[in-house]
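**Q**
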Amino acid sequence: MRKVKLYIKLLGALLLLTLVLSGCSGGGDVAKEEPKVLRVSMALAEKEWEIMREYVFPPFEEANNVKIEAIQVEASDVPKKLEAMAKAGKMEIDIITQDNMALAPLVEKGLVEDLSEYRDRIPKEVLPSLIPVGEFNGKLYFMPYRPNVEITFYNEKKFKEAGLTPPRNWDELLEVAKAFKEKEGIGRVAIKGTLDGNTTCHLFDFIRSAGGDPLVLNDEGSVKAFTFLQKLYPYLSPVTKKADWNTMNQYLANETVYLGQNWPFGVSVIVQDGGKKEIKAYHGWRGPVKESHVLGGEVIGIPKGTPNKELALKFMEYLMSKEVQEILVSKLAWPSCRSDAYGQVEEWQQPYFAAVNKALAASEPRPNVTYWADVDKALNDAFKEIVIEGKPVKPTLDKYHNILEAAKKK
Amino acid sequence: MVTKQDSDLLAKVIKFLFWPMAILVMFFLLVPVYIMVKVSLSAPQDILTQHPPFLIHNFTWNHWLKVLKSGNLWLPFQKSFVVATITTVIAIMVAAPAAYVISRMPKKVRYTVILSLFFTRMFPEVGIALPIAVNFIKLNLLDTYTGLILAHLVKVLPFIAWILVGTFETIPEDLEQAAMVDGASRWTALTKVVFPISLSGIAVAAIFTWLESWNEFTYALYLTLSQRSLPLQTYYYVLRGDWFQSAAYSTILTIPVALVTFLLQRYLKSGYLSGAIKG
Chain A
832 MRKVKLYIKL LGALLLLTLV LSGCSGGGDV AKEEPKVLRV SMALAEKEWE IMREYVFPPF
892 EEANNVKIEA IQVEASDVPK KLEAMAKAGK MEIDIITQDN MALAPLVEKG LVEDLSEYRD
952 RIPKEVLPSL IPVGEFNGKL YFMPYRPNVE ITFYNEKKFK EAGLTPPRNW DELLEVAKAF
1012 KEKEGIGRVA IKGTLDGNTT CHLFDFIRSA GGDPLVLNDE GSVKAFTFLQ KLYPYLSPVT
1072 KKADWNTMNQ YLANETVYLG QNWPFGVSVI VQDGGKKEIK AYHGWRGPVK ESHVLGGEVI
1132 GIPKGTPNKE LALKFMEYLM SKEVQEILVS KLAWPSCRSD AYGQVEEWQQ PYFAAVNKAL
1192 AASEPRPNVT YWADVDKALN DAFKEIVIEG KPVKPTLDKY HNILEAAKKK
Chain B
12 MVTKQDSDLL AKVIKFLFWP MAILVMFFLL VPVYIMVKVS LSAPQDILTQ HPPFLIHNFT
72 WNHWLKVLKS GNLWLPFQKS FVVATITTVI AIMVAAPAAY VISRMPKKVR YTVILSLFFT
132 RMFPEVGIAL PIAVNFIKLN LLDTYTGLIL AHLVKVLPFI AWILVGTFET IPEDLEQAAM
192 VDGASRWTAL TKVVFPISLS GIAVAAIFTW LESWNEFTYA LYLTLSQRSL PLQTYYYVLR
252 GDWFQSAAYS TILTIPVALV TFLLQRYLKS GYLSGAIKG
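Sequences listed follow chains A and B, in order.
Numbered per the numbering used here, the first sequence finishes at 1241, counting up by one with no gaps.
Numbered per the numbering used here, the second sequence finishes at 290, counting up by one with no gaps.
Structure (structure tokens):
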């Protein structure tokens, strides 16, 4: 019986603690229906949230007598959340900034407002090339906000030790990969080979650089790109299969990889936080036809059914304003969607920022097609079969071309 | 045919290998935890190198301090702790009497009931999370403790009932009958005889429920907006934080889990029933 009492006491104590904590929680169950609350969904790192909370949100809150409730939602989770809210008939998020690689599901499922009638609210200083990113079937669903592009990181110290220079074209890329493999017995160049959106992004760059169209996939450029990748693959680092937007930083920082492409946020992760000043960056290499980089970044969308649409539209304009874009450039070193917002960045960041701008100049938006999931799968399956498994290039690409044609007609 | 000599030899081999094997298994279990703790307490130059040292060379509390000061620890911890504890208490209160009744049913009926309980868990969670979330949002349960507790109960109740049915099955009915012969009511027999000797099973069920709720991710993702639970916060750190803060955060999170498991594991004793119906 003593044990029973002890157990009951333990349970009681735990419950008491829980109730105390619950009481301190500030009323998690209290309905949040305060007037003029704008719920904004973004996917940011802690440092980026600090800038938003300190510099971006307060002027808007003051000017519009509104309280911004910021919510962290990753791009891949946005469709799930919005779908649940839309089906329940209670849209609790008023405005989203969303990765432009993850827009199609939102449009396909009818989760975002058609913003075509607000097209004239896009400031004339916004780079025109950014607008088509938000268009689907001639309608504008998303507004420009934050362009982004992958840059090429390399370990300056290791390159100097090997007497190499960062590659500027495909031939040099192959030479560098071969040289490191011969010198160290293991590949030190990596591409993102996780067979998902990360790989898709790289494949777009390679195919377009060779003059191909990833949506066609068996044209001359695509054949050239896959043939080159098949040749390059044996000299790549074994971590290529695990390298994505997150792990690529880690591999560069711990010197598993000496050359790899990633988004510019790697600068703050590797150089600023990790203290690896020997990791430098440049815009990248060109293919046989041109240099090409997928235009990434984020756009602004308004979920269907939000009760605060007018306020959300105002906030959308505010995010595109010179005032905000200048803050994002100077405080976060984000490339701007406006041509007139380039403020001063810290001196150590300038070479990286220059690399971003140069890569942006050679960037192309990804096509907005509703069968994007099929494109993504076809490209990655083709990469797996041709590059990893060594299957013949043309017949395999013909197979995936047919799959894409069928998807187009669906 | 195994001779006595053979079995002696086998016993000697087992005795000889016991500690080396135990140490080897412990090593593989503990090394990942050690690496996590080590990264959380090391300066970047110890980790961001081709051949990181096994021991900490440049010790720092900086990553822990950053996490503790970030404001991202206490509120998610509070939410997860409250939700996991209330879920556990409610689950035990609901499932224990139900499991007792099921365990006293005829064998065929018992297994039909248990199977029907498990039927609700046969669907993949990601498949049923959306319709459940839709209904919870309609009921204004989005971003509330109540919503998350109810969702977690959906997940854990069938399992906990199954565990407890197994526990109650091992308790001989003779014990209750003896108590009732001595004048106890069925309720008294249940609370004063059956439940006390099924504590080990209840403890297992409680640990299981608490940890399931503590680690639950899918429902939390759908039903949370502003105040994240710990798994969501960890997900955020892994995706958006740096490696050192991710390691510090994960290390800090491991502490309460280790404590709860340590506190409750004392009740996980085998042979609880030994001697219960003797003499």
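Glycine included, C-beta positions come from ideal geometry on N, C-alpha and C.
Residue 1100 (chain A) versus chain B: which residues are under 9 angstroms apart at the beta carbon?
**A** Going along chain B in sequence order, the residues near residue 1100 (chain A) (Cβ under 9 angstroms) are 253 and 254.
**Q** In angstroms with no decimal places, state the Cα-to-Cα distance between residue 1027 (chain A) and residue 1211 (chain A).
**A** In a straight line, the C-alpha of residue 1027 (chain A) is about 7 angstroms away from that of residue 1211 (chain A).
**Q** Using Cβ-Cβ distances below 8 angstroms, what residues of the region 46-65 of chain B are close to chain A?
**A** So the list reads 55, 56, 58, 59, 60, 61 and 63, given in the order they occur along the chain.
**Q** Here's the rule I'm using: 16 or more other beta-carbon atoms within 10 Å means buried, otherwise exposed. How should residue 1237 (chain A) be labelled?
**A** The residue is exposed, with fewer than 16 neighbouring Cβ atoms inside 10 Å.
**Q** Who are the Cβ neighbours of residue 176 (chain B) in its own chain at under 8 angstroms, not counting the five residues just before and after it?
**A** Excluding residues within five positions, the ones whose Cβ falls inside 8 angstroms are 110, 113, 114, 121 and 125.
**Q** So with CB distances below 8 angstroms, who are the chain B contacts of residue 939 (chain A)?
**A** Chain B residues near residue 939 (chain A): none, gap ~16 angstroms exceeds 8 angstroms.
**Q** Within 10 angstroms of its Cβ, does residue 162 (chain B) collect 16 or more other Cβ (buried), or is it exposed?
**A** Classification of residue 162 (chain B): buried, given that the 10 Å Cβ count is 16 or more.
**Q** Buried or exposed: where does residue 83 (chain B) fall if 16 or more other Cβ atoms within 10 Å of its Cβ makes it buried?
**A** Under this definition residue 83 (chain B) is a buried residue.
**Q** Measuring CB atoms only, is the region 94-108 of chain B touching the region 148-162 of chain B, in the sense that at least three cross pairs come out at less than 8 angstroms?
**A** Touching, yes, given that three or more Cβ pairs across the two stretches are closer than 8 angstroms.
**Q** Listed from N- to C-terminal order along the chain, which residues in the region 122-153 of chain B have their beta-carbon within a distance smaller than 7 angstroms of any beta-carbon of chain A?
**A** The region 122-153 of chain B vs chain A, Cβ under 7 angstroms: 141, 144, 145, 148, 149, 151 and 153.
**Q** With which residues is residue 899 (chain A) paired in a DSSP beta bridge?
**A** Answer is A:869, bridged to residue 899 (chain A).
**Q** Quick check on residue 35 (chain B): buried or exposed, where buried means 16 or more other Cβ atoms within 10 Å of its Cβ?
**A** Residue 35 (chain B) is exposed by the Cβ-count criterion.
**Q** Can you pull the chain B neighbours of residue 1212 (chain A), defined as C-beta to C-beta under 8 angstroms?
**A** The premise fails here: residue 1212 (chain A) is roughly 23 angstroms from chain B at the closest Cβ pair, so nothing lies under 8 angstroms.
**Q** Within 9 angstroms (strictly less), CB to CB, does residue 175 (chain B) reach chain A?
**A** No, its Cβ sits nowhere closer than 9 angstroms to a Cβ of chain A.
**Q** Using 9 angstroms as the limit for Cβ to Cβ distance, is residue 903 (chain A) near chain B?
**A** Yes - at least one Cβ of chain B is within 9 angstroms of the one on residue 903 (chain A).
**Q** Check whether the Cβ of residue 1241 (chain A) sits closer than 8 angstroms to any heavy atom of the ligand ATP, and report yes or no.
**A** The ligand ATP is absent from the structure shown, which contains no ligands of any kind.
**Q** Can you tell which of A:890, A:905 and A:906 has its C-alpha closest to the C-alpha of residue 899 (chain A)?
**A** It is A:890 whose Cα lies nearest to the Cα of residue 899 (chain A).
**Q** Evaluate contact between the region 958-977 of chain A and the region 1181-1190 of chain A, counting only Cβ atoms and requiring at least three cross-stretch pairs below 8 angstroms.
**A** Because the criterion of three Cβ pairs below 8 angstroms is not met, the region 958-977 of chain A and the region 1181-1190 of chain A do not touch.
**Q** Under the three-state reduction of DSSP, which class applies to residue 1092 (chain A): helix, strand or coil?
**A** DSSP places residue 1092 (chain A) in strand when its eight states are reduced to three.
**Q** Can you give me the C-alpha to C-alpha distance between residue 1178 (chain A) and residue 1067 (chain A), rounded to a whole angstrom?
**A** Taking the straight line from one Cα to the other gives about 33 angstroms.
**Q** Give me whichever residues DSSP pairs with residue 986 (chain A) in a beta bridge.
**A** Residue 986 (chain A) is bridged to A:1110.
**Q** Please list, in chain order, the residues of the region 912-939 of chain A that have any C-beta partner in chain B closer than 8 angstroms.
**A** Under the 8 angstroms Cβ criterion, the region 912-939 of chain A contributes 912, 914, 915, 916, 918, 919, 920, 921, 923 and 924.
**Q** Cβ atoms of residue 957 (chain A) and residue 1147 (chain A): under 9 angstroms apart, would you say?
**A** For residue 1147 (chain A) and residue 957 (chain A), no; Cβs fall outside 9 angstroms.
**Q** Under 9 angstroms, Cβ to Cβ, is there at least one residue of chain B near residue 991 (chain A)?
**A** No, because no Cβ of chain B sits closer than 9 angstroms to the Cβ of residue 991 (chain A).
**Q** Is it buried or exposed, residue 249 (chain B), if we count other Cβ atoms within 10 angstroms and call 16 or more buried?
**A** So residue 249 (chain B) ends up on the exposed side.
**Q** Run the CB neighbour count on residue 197 (chain B), radius 10 Å, all protein chains shown included, and call it buried at 16 or more, exposed below.
**A** Exposed: under 16 other Cβ atoms inside 10 Å.
**Q** Is residue 196 (chain B) close to chain A? Criterion is C-beta to C-beta, closer than 9 angstroms.
**A** No, no contact with chain A.
**Q** DSSP three-state call for residue 117 (chain B): helix, strand or coil?
**A** Three-state DSSP puts residue 117 (chain B) in coil, outside helix and strand.
**Q** Is the beta carbon of residue 983 (chain A) closer than 9 angstroms to that of residue 1262 (chain A)?
**A** Within the shown structure, residues of chain A are numbered from 832 to 1241, placing residue 1262 (chain A) beyond reach of any answer.
**Q** Can you list, in chain order, the residues of its chain whose CB lies under 8 angstroms from that of residue 1101 (chain A), leaving out five sequence neighbours each side?
**A** Correct list, in chain order: 984, 1080, 1083, 1084, 1107 and 1110.
**Q** Among B:56, B:150 and B:61, which has the Cα closest to the Cα of residue 919 (chain A)?
**A** Checking every option, the nearest Cα to that of residue 919 (chain A) belongs to B:150.
**Q** Name, in chain order, the residues that DSSP records as bridge partners for residue 1117 (chain A).
**A** Looking at the DSSP assignment, residue 1117 (chain A) forms a beta bridge with A:1000.
**Q** Can you grab the Cα-Cα spacing for the pair residue 1214 (chain A) / residue 135 (chain B), in whole Å?
**A** C-alpha separation (whole angstroms): 30 angstroms.
**Q** Tell me, please, which residues DSSP counts as bridged to residue 930 (chain A).
**A** Residue 930 (chain A) pairs with A:1129.
**Q** Compute the Euclidean distance between the alpha carbons of residue 216 (chain B) and residue 923 (chain A), then round it to the nearest angstrom.
**A** Distance between the alpha carbons of residue 216 (chain B) and residue 923 (chain A): 36 angstroms.
**Q** Do the CB positions of residue 1072 (chain A) and residue 1031 (chain A) come within less than 9 angstroms of each other?
**A** Not in contact: residue 1072 (chain A) and residue 1031 (chain A) (Cβ atoms no closer than 9 angstroms).
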